[in-house]
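Notes follow once the structure below has been shown.
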Amino acid sequence: MSAVAAVRLEEAERETLRALADVLIPGGEGMPSASDVGVAGKWIDRTLGARPDLAAPLLAIVRSAAEGKDPAAEVERARGADAAAFELFALAVSGAYLLSPKAKKALRYPGPRRNRAYPDEAEHYLADDLIEPVVQRGPIYRPTPSSNELPGARLP
Amino acid sequence: MSDRDKKADVLIVGGGTSGGIIAKQLAEDGFDVVCLERGGWVNASELPGDKPEFELLGGQAWHPNPNVRGSAADYPIEDSDSDVDVWMYNGVGGSSVLYAACWSRFLPSDFRVRTLDGVADDWPISYEELLPYYEETDVEMAVSGRGGDPAYPPGAPPPLPAHPINKTGRKAAEGMNKLGWHWWPGPVSIPSQDYGPLKQCARLGICRMGCPEGAKASTDLTHWPLALKHGARLITNARVAEITVDEHGRASGAVYIDRDGTERFQGASIVVLAANGVGTARLLLMSSSARFPDGLANSSGLVGTRLMLHPYATVTGIYDDELEDWLGPAGQQIQSMQFYETDTSRDFVRGCKWLVLPTGGPLGTLARYASGEREDREIWGAEFHRKLREGIGHTLEWSIIPEDLPDEANTVTLDPTLKDSDGLPAPKITYATSENTRRMLEFNTARAVEAHQASGARQTWVSGRRWAAGHLLGTARMGDDPTTSVVDGYGRAHDVENLFIVDGSTFVTSSGVNPTSTICALARRTGKHITAGARSQAVAA
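Chains as they are written, first to last, in our numbering: chain U, 231 to 386; chain Z, 270 to 810.
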């Protein structure tokens with residue numbers, strides 16, 4: 231899907247978002263930061279294309295972040311002012327970050343991919359008689375007055 | 270009169286899971302079938318599961334909660350007096366489009382809880398009576414699984430072989446074996462091989478958002494094409510406002526609003542409701558008349574009461590092992606009935622099914638950390654990467670379904686003010702989790718923590734407790750006594766002899782398993798009963 235966001239951020243708003251997003255998702259330990267993967271560019275556009283409901287809370291926090299102020303302080307202020315709105319803002323940022331192939335690769339997360347089972351794969355995972363103890367314990371269902379009506383019934 | 274308005278032999282309200290089952294069967298048996306479905310067809314190319322934005326889309330446009338989705342096909346649900354959200358999907362295929370396809374049958378004891386445990390009520394039918402219909406619908410719904418589960422009486426194995434239980438299922442099973450607890454590969458209505466119109470599962474792991482591969486049994490794929498081939502007429506975007514009755518008190522059809530906003534009438538000799546536990550109760554209550562002042566088929570006063578919702582719990586474990594926890598089907602890898610039955614040493618009656626499902630994507634991983642019962646719930650800043658790296662590929666989750674016992678205080682009623690987009694009353698849910706269910710969840714989540722520890726988890730926590738419910742049951746219960754039930758053992762309304770109900774609203778008790786297998790078996794049984802009794806069936810004038 232490559233839905234285009236109905237709401238497009240101005241360049242100044244992207245600049246603010248870039249700084250705020252790096253507070254939520256800083257780089258380090260081999261992982262790219264939000265700005266490293268370009269969250270404030272096409273990924274936020276795609277996020278808002280998929281989730282237009284996130285545009286208003288995102289823009290509200292971006293626009294209220296005072297220019298020149300410490301982004302970390304602005305994030306804390308937004309979080310303290312309205313936790314529910316902050317969660318939506320943070321969802322937009324993290325959703326955009328996790329659309330990035332660079333981020334997914336660093337996380338070693340492949341995303342949904344076609345991976346049909348091969349014919350004897352089911353038995354492979356049951357190797358070493360994994361299921362035998364369950365079978366050996368025998369029936370565990372609770373009989374009812376009509377339980378012996380079934381052919382082959384072996385009551386617990 | 271246009272062909273569209275021609276009186277039908279059978280009118281089905283709801284083209285979802287049970288509606289599809291009975292429509293196909295009655296059309297094949299030669300009935301002239303018309304179905305009114307409030308939603309439309311699903312276009313597989315629109316489903317989110319094979320798209321990078323799948324988690325974002327699954328959190329809104331394809332969310333299972335209609336209040337979040339806000340689709341034109343949905344009606345709003347007033348749920349401010351409910352402990353849990355109510356999930357459903359409105360459209361051809363109904364909730365089978367979005368379900369996880371976990372295909373567990375009731376256990377025999379589920380039909381006899383009064384006899385065995387002295388609580389709630391026995392069903393008017395038994396497991397043994399329903400078994401042939403379970404086996405027939407297993408074939409229709411492409412059930413894949415392993416026969417011989419000792420938690421169940423003997424019977425035919427599923428028609429398709431089991432899926433791999435994957436690394437997650439094996440890891441969970443190893444712990445269960447250490448504890449001597451039951452587990453079994455989980456049956457699912459997801460084909461492990463190409464099967465009729467369905468493809469072999471591609472294990473995308475996104476079943477709960479709809480399958481873009483056409484590899485999950487939903488009745489828009491498995492049943493409706495065959496029903497239409499046999500002459501059934503399916504009218505989509507048809508919002509039913511009322512079931513009408515004739516001068517003899519028999520159901521005569523339905524008034525509905527079509528896609529253009531025009532009010533229309535569809536007549537029928539027999540009417541079948543298949544709108545599930547919220548929709549069917551809503552429709553019966555909307556169909557009051559001078560003859561039925563408290564709602565149609567409601568002389569017992571029980572329509573809309575005894576709502577059961579299965580408030581789930583989840584218990585998460587983090588492992589050092591690489592578990593590929595995103596791998597489908599989702600779908601269940603394994604299930605356990607170890608704590609399903611009543612144990613008199615515990616402080617509750619009845620029990621729970623456990624199941625292991627894939628854990629989804631990274632946004633879901635973050636949510637588990639942020640909203641779970643754990644001290645460290647910070648996920649931003651340095652914790653973002655630490656927790657994602659720790660969790661992705663290393664998470665195993667036990668989901669727990671508690672048996673919710675019926676309570677007449679838990680209800681679906683008509684909200685006095687909230688309306689849908691056609692001006693029809695929205696349903697209001699009043700639901701409180703019982704003390705028995707709370708204790709049941711407390712016990713079972715504690716055991717699931719132990720199961721994780723036995724499997725080698727390095728941390729474990731309760732990641733969800735009493736969260737949303739897509740199992741909408743009990744609001745038009747079946748029974749032999751018309752004063753204490755709405756329909757008989759075949760789903761026929763006691764008060765209206767040509768009105769049948771074939772969805773989860775007829776459940777006497779909820780069991781502790783996913784209900785769709787039982788809903789489908791009951792629908793097929795009712796359909797067969799209608800066919801067998803057609804010559805003597807009283808019909809509308």
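Where a beta carbon is used, it is the ideal one built from N, C-alpha and C, also for glycine.
Endpoints, beta strand (DSSP E) assigned at residue i
i	result
Ala-486 of chain Z	Here Ala-486 of chain Z belongs to no beta strand (DSSP E), and DSSP marks it neither H nor E.
Arg-508 of chain Z	508 to 514
Val-584 of chain Z	581 to 587
Val-541 of chain Z	532 to 542
Ile-504 of chain Z	502 to 504
Ala-277 of chain Z	277 to 282
Residue-chain proximity (residue i, chain U), Cβ-Cβ < 8 angstroms
i	result
Asn-334 of chain Z	no
Thr-384 of chain Z	yes
Tyr-421 of chain Z	yes
Gly-650 of chain Z	yes
Met-606 of chain Z	yes
Phe-712 of chain Z	no
Ile-669 of chain Z	no
Leu-687 of chain Z	no
Asn-312 of chain Z	no
Arg-812 of chain Z	As displayed, chain Z neither begins before 270 nor continues past 810, which places residue 812 of chain Z out of reach and without an answer.
Gly-546 of chain Z	no
Arg-439 of chain Z	yes
Bounding residues of the alpha helix (DSSP H) (the contiguous stretch that carries residue i)
i	result
Val-364 of chain U	362 to 367
Arg-794 of chain Z	785 to 801
Arg-735 of chain Z	Per DSSP, Arg-735 of chain Z belongs to no alpha helix (DSSP H); it is in the beta strand (DSSP E), 728 to 736.
Glu-409 of chain Z	396 to 409
Lys-272 of chain U	Unbroken run through Lys-272 of chain U: none, as it is neither H nor E.
Ala-639 of chain Z	631 to 640
Asp-386 of chain Z	382 to 386
Ile-291 of chain Z	286 to 297
Asp-252 of chain U	241 to 254
Tyr-355 of chain U	From DSSP, Tyr-355 of chain U is part of no alpha helix (DSSP H); its letter is neither H nor E.
Contact check, residue i vs residue j, beta carbons under 8 angstroms
i	j	result
Arg-809 of chain Z	Ser-521 of chain Z	Checking the sequence shown, residue 809 of chain Z turns out to be Ala, not Arg. Cβ distance < 8 angstroms, so Ala-809 of chain Z and Ser-521 of chain Z count as in contact.
Ala-296 of chain Z	His-499 of chain Z	yes
Glu-666 of chain Z	Ser-732 of chain Z	yes
Thr-246 of chain U	Leu-325 of chain Z	no
Arg-338 of chain Z	Arg-508 of chain Z	no
Pro-342 of chain U	Gly-743 of chain Z	no
Pro-580 of chain Z	Asp-352 of chain Z	yes
Ser-365 of chain Z	Ser-558 of chain Z	no
Glu-672 of chain Z	Ser-805 of chain Z	no
Met-410 of chain Z	Cys-789 of chain Z	yes
Gly-620 of chain Z	Thr-611 of chain Z	yes
Asn-767 of chain Z	Arg-551 of chain Z	no
Gly-479 of chain Z	Gly-363 of chain Z	no
Gly-725 of chain Z	Tyr-588 of chain Z	yes
Gly-455 of chain Z	Gln-601 of chain Z	yes
CB contact check: residue i to chain Z, cutoff 8 angstroms
i	result
Glu-306 of chain U	no
Val-269 of chain U	no
Ser-377 of chain U	yes
Pro-363 of chain U	yes
Gly-310 of chain U	no
Pro-301 of chain U	no
Met-231 of chain U	In this prediction, Met-231 of chain U has a pLDDT of 44, which is less than 50 and means its spatial position is unreliable; what the coordinates show is noted afterwards. Cβ-Cβ to chain Z under 8 angstroms: yes for Met-231 of chain U.
Leu-318 of chain U	no
Ile-370 of chain U	yes
Gly-298 of chain U	no
Ile-274 of chain U	no
Ala-314 of chain U	no
Arg-367 of chain U	yes
Inter-residue CB distance, residue i and residue j (contact presumed, cutoff 8 angstroms)
i	j	result
Asp-691 of chain Z	Ile-504 of chain Z	In fact, because the Cβ distance is near 15 angstroms, the residues do not count as touching under 8 angstroms.
Thr-628 of chain Z	Asp-594 of chain Z	4 angstroms
Leu-576 of chain Z	Gly-564 of chain Z	Leu-576 of chain Z to Gly-564 of chain Z, Cβ: 15 angstroms. No contact.
Q. The region 367 to 382 of chain Z: which residues have C-beta closer than 9 angstroms to a C-beta of chain U, in chain order?
A. Leu-376, Pro-377, Ser-378, Phe-380 and Arg-381
Q | Selection of the region 233 to 263 of chain U by Cβ proximity to chain Z, strictly under 9 angstroms | A | Sequence-ordered contacts of the region 233 to 263 of chain U with chain Z read Ala-233, Val-253, Leu-254, Ile-255, Pro-256, Gly-257, Gly-258, Glu-259, Gly-260 and Met-261 [C-beta pairs closer than 9 angstroms].
(Q) For the region 335 to 363 of chain U, list every residue whose C-beta sits within 8 angstroms of some C-beta in chain Z, in sequence order. (A) Leu-337, Arg-338, Tyr-339, Pro-340, Gly-341, Pro-342, Arg-343, Arg-344, Asn-345, Arg-346, Ala-347, Glu-351, Ala-352, His-354, Tyr-355, Leu-356, Leu-360, Ile-361 and Pro-363
Q.
At a CB distance below 9 angstroms, what residues from the region 284 to 296 of chain U approach chain Z? Give them in sequence order.
A. Correct list: Leu-284.
Q) Between the region 612 to 632 of chain Z and chain U, which residues of the former have CB atoms less than 9 angstroms from a CB of the latter, in chain order? A) Against chain U - using a Cβ distance shorter than 9 angstroms - the residues of the region 612 to 632 of chain Z are Gly-630, Pro-631 and Leu-632.
Q | Contacting positions in the region 464 to 490 of chain Z - beta carbon closer than 8 angstroms to chain U | A | Gln-469, Cys-470, Ala-471, Arg-472, Leu-473, Gly-474, Ile-475 and Glu-482
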